[in-house]
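Residue numbering for the sequence shown follows the working numbering, beginning at 71 and increasing consecutively. We put the CB at the ideal spot given by N, CA and C, even for glycine. Here is the structure we will look at, set down as structure tokens.
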Amino acid sequence: MAQKIVTVYTDDLTGEPSEEVQTHSFSLNGVNYEIDLMSENYDTLFEALAPFIEAGRKTGRTKTAGRPRKSSGDQPTAEEVRAWARENNYQVNDRGRVPASIREAYQGAH
């Protein structure tokens, strides 16, 4: 006997099944939410939140899988500091926190 398992993705807002449903996360008042939406419903959510996102301030960090964090303002990324450190004969690990002494040397040179 054979079994066939079928996964049906449905939009949480409309209940409509669709293969283009994706999970989206957001947070409000310290509560994290996830919602599965088709692209047009996600666009509606994004448009509704856009004025608040533009007027608001980012807090904390969000992780981006496999990609280095973008530099914020005048702060260099860890990868930028590591590259500078290696070019200037400092020993620095490939991963983890960059030591404060190396960051200070980087800032002193820039």
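Contact under 9 Å by Cβ, residue i with residue j
i      : j      : result
Leu181 : Ile105 : Nothing in the structure corresponds to residue 181, since the chain is present only between 71 and 180.
Pro87  : Thr93  : no
Glu90  : Ser109 : yes
Arg173 : Asp164 : no
Ala170 : Gln161 : no
Arg127 : Ala148 : no
Ala246 : Asn159 : Residue 246 is absent from the model: the chain starts at 71 and stops at 180.
Continuous beta strand (DSSP E) stretch holding residue i: start and end
i     : result
Glu89 : Glu89 -> no beta strand (DSSP E), and no H or E assigned at all.
Delimiting residues of the alpha helix (DSSP H) encompassing residue i
i      : result
Ile172 : Ala170 to Ala179
Arg152 : Ala148 to Glu157
Strand pairing of residue i, partner residues [DSSP]
i      : result
Asn102 : Ser97
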